[in-house]
Every structure is written in structure tokens, then in C-alpha cells.
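K.L.:
Handing you a structure now.
Chains as they are written, first to last, in this note's numbering: chain A, 122 to 381; chain B, 614 to 1180.
See below:
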């Protein structure tokens, strides 16, 4: 199996993250190799009877300054790339339900143990979210019970869905495709199966999809409504009949009482 | 030079209340140990508890890794895995790392500063018994409901609504008692450090490990109460319907993450400072050279303060104002300077010196090597962008484990093998120590290195299984094999500590010709530590004492031929 250091970038921010990770990977590897070679060299067997020359150490100030320069350089690079990866990309397409110039707002609610997605037009879905390609999506992470970890490496990386707070993540998927992830914060017995699927489709397909989704939900809701009304009507009829019977029983009671 | 002075068998009649029959018979050894308020007894019990718990933690880790060895394994149920995970986390932090740190410091530091005891011995004794009760409570819960809400039980998941059983209450109570006990012991040590130093033992002459003791006890006095307050709030939330960590009642679940991460990050720094200082002492003793004191001490202070301030480094995925994330990134990356300086000084001193490779030094090399891998890997965890990818995966787990196994296990064995002759009065078996070191080192590398790969591939932690086809199989299988090796190594190393105590020859008080004062006391030291308190004149009091003895012997041999003065 081939080890890949980074997930394939599906969003502009992740590309920057991947670049930073490559830089850090090389720096960290270099640090580990240098330090451990020095340790090996210091630990190597050697002639124990030769008194070492107690040479002068390089000044501590110089070493500190060198380390500080290294740390500042690392912080600068990390800040530049972190800023870039956190930048909200601008949409190249527009879809229905999106305020012009603003990202498309979708609410992702973590629940034990699945995710629910609310689209702007009132449609909703569980487990799988469908988003349009080329449109910046603002996924507002919320939770109804415990803390859940939103985690789709190719698009957004990780972010917590915390009850009582909204944690937005932004991404713009440029290519249609399917991205999967799995929750990353222990949330109980269904944690291991709490999977996420982000399906990226063309904007027109997205519009058709959520319209159909809304229609399906509406028709299902209509069906429930109709059944509810029908059963309520029956209940009213039944209640009326019941009252009639009750009245009859009462009259019988009164009659029998009278006859005594 | 005869010490067999004969005392009168009966007391003079002026003190009629004094019995002339001699002292009453001593109680059994274990009763003496259990009722002792002596810092050496308490320190030994803490260290013994720590190494016993290390065995338990290694066993729990082994069980978890065996469950994860193959995908979709059915060896453990989900809830059993969660319980193992929670037990492992609490054991590792509260029953292995912290008591080892506090036990070592509490044993060694009063000796190093030339004190005849501690300032508040009963406070230390209460602390010890709180700690021991905590351990029994945690493992007693195996008979009922062990904790199951993870290594860090995040509310609302750990609230009564979502984890209604008593497991989290056990976690709260035992962690609280352990921390309270260890804080009490460290307050005793802190008071001793400030009040009971030997004449001449100014702070500028105090050994590195004593400085670590001061830094650690101060830091624990800050972060311990924060943790105790947090778990009290969690307990009020759970038992009395409080709303500290409930998002819909004016509290916030993020608060708990702040409190707990202040504590856990502080503990990370406490561990780093203590074992770096212990390794510093070992390096100074075996090379016979002094490390640059000022740089070393200021680096330890910087690690303790900066490291603890960087707690939001663990909260990169939480909804925080982004300023705090940049602050955490700045502070954690700035830790490169103090850690780098200490590593540089230790390794360059070793590299340019002559020394005999003995067990303490061997473990110290192992600790430096493993901790360097873990600390370097933490750099990636502390940058905002990469942390959103790597946190909560096995990459983070591997980084933490390299640093913590490096410092606590290898640093711990380095320290315990270094002070072993002092603590037990026996030498340590070098061959067994070497073999157990090699097995442990190999085991750690094989057990933890592949998890970096599993982490960058995206395997999340805390899940009791993963699925075939996700690409994690090979890494987890290798890690399981490595954990078996690590477990064997730990059992052998702990076994060597137990076995050497009864089998090996007795040790002299100063087997390494070291510089600090604990080597002046007998091995093991008597209850009052020192018969004579030295007058400290430099940072290397034992060298001064050895020189004084040599001088006196030389003078004695010069005057050997001269006629003795008539007594």
C-alpha cells in the first residue's frame, strides 16, 4: 500500500494545508534525523581511556538566537499558509438559495450518531450532503446532543460541532465527486459508524436535487398530513358516536332508576 | 575511631519517668511504612505505585492494540474498548506519570538540598493516602462500572444525560483525589524547598533536579486547583443538575476543554521538565562535566510557563476566536527554543565527553531519542492548518506517545536506575537493564512509528474498530506486534528493579562519585537523612567534600610518622 502524506485536495484551502504539511514534514524529518544522528554519535562506543579535550562550548546566547530564528521562520511560514488555508474562497458559480456574493449556507447538525443537513430551501437529508461544484459552501456546524467532530479531510479538515455554538467551515469543491469522512470526537456507542458523505455535483444538478428533495419531503409531509386529518375526522365521528351512546346509557340509567 | 561506646545500662534516678528497659519492640515493617510521614518512605511508595501502574497501563494499551490489530475485530465490544481507553488514559496520567514525577522529586530533592526531612510531613502523608485511595477506587470500579467516556471526558458526552452510569463519577472522584493528594505532597515539597535548605545552599547553588522540583511544584500549585475546580463543576453538572458545561443553560462545553487542557498541557510540561532535569543530573554525573546552569534552568522555567500557556494548541478544531489559535501556534512553536537549548546542551556534552555506558545513561539516551521524535512531530500539531487535518488522528496519538513514553518510561527508568543504589542500598543488575532497555526501545519504535502513517492516512483515535479497505490494516498490525514487544520490555525492566533489590550486592553511599548532596547520605539514607549537615560552598558540594577528605588524608599520611599528641 502506498502511503500518501496528504489527502487529495478537493478545496483550495486544503491545497495550502497540504503544501504546509509537506514543508513541515521535511523540516520535522530533518530535525529528527539530525538530533538522532547526534545522539547516536554521542552514544557510540569509543576509547574510554582517552581524556576528552574539554573545549569551549559555543556561547548559549548564539545557540538561543539560532533556535529563535528557526522558530520565527517556522512561525512565519505556518502563519502564511494557515491564513491562506483559512481564506474563504469565492464562488465561481451561483445557485438558487444563495445570497449574491455570499457563500451557500447549509446547516450540518451532529446527532448521536449521524449528521443531518438542512438546505436553504427547507429540504433536509441525513448522512449524505449534496453540494454544488464551484460554489463556496458555508457549513454551519451545530449539535443537538454531544460534541461531534466534523471531519472530511479532502474538503475542510476537522472542526467540532458543539451544542449551543455555531462553528462554520468553508469550502469550495471544484470537481464533482464523492468525499467521505468519519466523526473524530468520541460520542458514544455509535461513534465508529458515524460516517459522513459529501457528494459534489454540478450546480444545475444540485438545484434539481434539492428541489426534488423538497418535493419528496413535501409530498411525504402531505401524505402524513392527509392521514392525520383523516384519522382526526374519524376520531371526531367516533367521539360523536360515543357521546350519543353515552347519552343513551345515561337515559337507560335514569329510566332504570326511575323504575325502582 | 571506635563507635562502640558503652552506655550505662540503667538511667540515673533523677529521671524516674524514663523507662530503663529500652525502647518497646518496633512494629512490623509494613506498618512502619504505611504510617510513616518520612519523605523517603512516601516517595518510595509513590514510585512503587507508579511502576505497578505502568504495568497496568501497558496491559490496557496491549488489549486495545490487540483489538485494533485487524479491521472489524470482535475481540472487544465497543463499550469494553471505551472502558479500556478511559482506564488507560487515567492510569497513564494520574497513576503513572504524576506519581513518578512527584515521588522522585519528593524522595531526592530534600536529600539534594541537605534537609533532614520535610517541612509539613503530615500534609505529605495525607496526600499519599488520598492518592492510594484514588488508585484503589479507580481499579475497584472494575467490579462495578469503570469510566467509559474517553481519556478526556468531554461534556456534554460526560454529562448525566449522555453517560448516566457511575463511570464518569468514578473518573471524577479518583482523578480528583489523586490530584489533590499529589498537590498536597508538592506543597510540602515546595515549603521544604523554600525553608529547609542546608546552610549555604542558595538557589544559585541548587542542583538542576532541585530547580526542576521548584518549577514543578509551583506549576502544579497553579494547574492542580484549576483541574480540581473543573471536575467539581462537572460533578455538580452531573449530580445536581448544574449548567456549567451545558450549552443551553448559559454554560459552555468549551469551558471544560479550556480547564482540562490547561491541566493536561501543564502535566505534559511538568513531565518534560522533571525528566529533562533528571537526565541532566545523569549526564553531569557520568561525564563529570557541568551543564551550563543558567541556560538549563531558564529553559526549564520557559518550558513550564510557555508550554502551559499554549493549552489552546489542543483545541485547534474547537470554535474559538482565531486569535487564540494564532497565540497557541506562536507559543507552541516558541517552545523550540528552550527544548532545543536543553537537547543541544545534553547531547553536545555527551558527545564531547568520556563516560562509561551504564543503565541510567542508556535509558537517558533512549529518552532523548524518543522524546525528540515526539516533540518534533508536535510542531505539525501546533500549526493551525495542519492541526485541522492531523489532530484527533493517530498522528497526534503517536506524537504524544513518543514524547510521553520517552520522558515517563525511558526518563523514568533512567532516573530510577540512577538513584536505585541510593533508594534501595543495592546495585542494579546492568545486564538485565541493558536487555530490557533494548527490548523496550525496539518495542516503542515498532509500536508507535507506524501510527504516524495511520494518522496521516486519516485513522481517527478512540474508535474501537475500523473497516477493511480503509488502508489502516498493516500499520495497526505492526503496532500491535510492537506493543507486545514493549509490554515484554516493560515487564522485564520492572522485574529487574524488583529482583536486583534482593539479589545484587550492596552499594556504597556514593557509587558514581556524583556532585550533589544526596550521595553524602548512607544508602539507603537513615530516617534523619544526614548525621552532619555540610556547609555548602559551591554547586558541587560532594566534590568539595571528597577533596576535603583527600586533603585531610594526605595531611594525615604526612604527619603519620610524627609523634602523636598524648591524650
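Backbone N, C-alpha and C define an ideal beta-carbon position, used for all residues, glycine too.
1. Give the residues of chain A in contact with residue 701 of chain B, contact being defined as C-beta atoms less than 9 Å apart.
2. Kindly give me the distance between the Cβ atoms of residue 959 of chain B and residue 1059 of chain B, rounded to whole angstroms, as I take these residues to be in contact under 8 Å.
3. With 8 Å as the threshold, decide whether the Cβ of residue 767 of chain B is near any Cβ in chain A.
4. Whose Cβ in chain B lies nearer than 7 Å to the Cβ of residue 267 of chain A?
5. Which residues, in order along the region 268-290 of chain A, keep a beta-carbon less than 8 Å from a beta-carbon of chain B?
6. Contact criterion: CB-CB distance below 8 Å. Does residue 235 of chain A meet it with respect to chain B?
7. Reducing DSSP to helix, strand and coil, say where residue 1032 of chain B ends up.
8. Answer yes or no: do residue 889 of chain B and residue 955 of chain B have a C-beta to C-beta separation smaller than 8 Å?
9. Kindly list the residues whose CB is nearer than 8 Å to the CB of residue 575 of chain B, restricted to its own chain and excluding five residues on each side of it in sequence; keep chain order.
10. CB residue 760 of chain B to CB residue 781 of chain B, shorter than 8 Å?
11. How many Å lie between residue 127 of chain A and residue 213 of chain A at the Cα?
12. Step through the CB atoms of chain B and report whether any lies within less than 8 Å of the CB of residue 324 of chain A.
13. With a cut-off of 8 Å, do at least 3 Cβ pairs link the region 751-769 of chain B to the region 801-810 of chain B?
14. Kindly indicate if chain B contains any beta-carbon less than 8 Å away from that of residue 128 of chain A.
15. Name, please, each residue of chain B whose Cβ falls closer than 7 Å to the Cβ of residue 132 of chain A.
16. Can you check whether the C-beta of residue 1149 of chain B is within less than 8 Å of a C-beta belonging to chain A?
17. To which residues of the same chain is residue 253 of chain A closer than 6 Å at the C-beta, ignoring the five residues directly before and after it?
18. In the region 288-321 of chain A, which residues sit with their C-beta less than 7 Å from some C-beta in chain B, listed in chain order?
19. Should residue 844 of chain B be flagged as near chain A, meaning a C-beta pair shorter than 8 Å?
20. State buried or exposed for residue 137 of chain A, treating a residue as buried only when at least 16 other CB atoms are found within 10 Å of its CB.
21. For residue 1036 of chain B, collect the residues of the same chain with a Cβ closer than 7 Å to its Cβ; drop the 5 residues on either side in sequence, then sort them by chain order.
22. Leaving out the 5 sequence neighbours to the left and right, which residues in its chain are closer than 7 Å to residue 714 of chain B when beta-carbon positions are compared?
23. Let me check understanding here. Comparing Cα to Cα, which of B/1162, B/1103, B/1150 and B/1065 lies closest to residue 124 of chain A?
24. In terms of DSSP beta bridges, what is residue 286 of chain A paired with?
25. Under the DSSP definition of a beta bridge, which residues are partnered with residue 231 of chain A?
26. Give the straight-line distance between the Cα atoms of residue 841 of chain B and residue 679 of chain B, rounded to the nearest whole angstrom.
27. Per DSSP, what kind of secondary structure is residue 310 of chain A in: helix, strand or coil?
28. Over what stretch of residues does the alpha helix (DSSP H) that includes residue 991 of chain B continue unbroken?
29. Counting only the same chain and skipping the five closest in sequence on each side, list residues whose C-beta sits under 6 Å from that of residue 702 of chain B.
30. Measuring only between beta-carbons, confirm whether residue 153 of chain A sits less than 8 Å from chain B.
31. For residue 207 of chain A, which residues from the same chain have a beta carbon less than 6 Å from its beta carbon, with the 5 sequence-adjacent residues on both sides left out?
32. Would you please verify whether the beta carbon of residue 1172 of chain B is less than 8 Å from any beta carbon of chain A?
33. On the criterion of 16 or more Cβ atoms from any shown chain inside 10 Å, does residue 1005 of chain B qualify as buried, or is it exposed?
34. Around the C-beta of residue 342 of chain A, are 16 or more other C-beta atoms found within 10 angstroms, so that it is buried, or is it exposed?
35. Does the region 254-261 of chain A touch the region 290-304 of chain A, meaning 3 or more C-beta pairs lie closer than 8 Å?
36. Using only the alpha-carbon positions, how far apart do residue 1120 of chain B and residue 1132 of chain B sit?
P.N.:
Let's see:
1. Here the premise fails: no neighbours, minimum Cβ distance about 13 Å.
2. About 26 Å separates the two Cβ atoms, so there is no contact after all.
3. yes
4. 769, 770 and 775
5. 268, 270, 272, 274, 277, 278, 279, 280, 281, 283, 284, 285, 286, 287 and 288
6. no
7. helix
8. yes
9. Because chain B in this structure spans residues 614 to 1180, residue 575 of chain B falls outside the shown range and cannot be described.
10. yes
11. 26 Å
12. no
13. no
14. yes
15. Within chain B, no residue comes near residue 132 of chain A; the closest Cβ sits about 12 Å away, beyond 7 Å.
16. no
17. 216, 324 and 327
18. 288, 303, 305, 306, 307, 308, 309, 310, 312 and 313
19. no
20. buried
21. 657, 720 and 1137
22. 829, 883, 884 and 887
23. B/1065
24. In the DSSP output, where bridge partners are listed per residue, residue 286 of chain A has none listed.
25. A/236 and A/264
26. 34 Å
27. coil
28. 972-994
29. 764
30. yes
31. none
32. no
33. buried
34. exposed
35. yes
36. 11 Å
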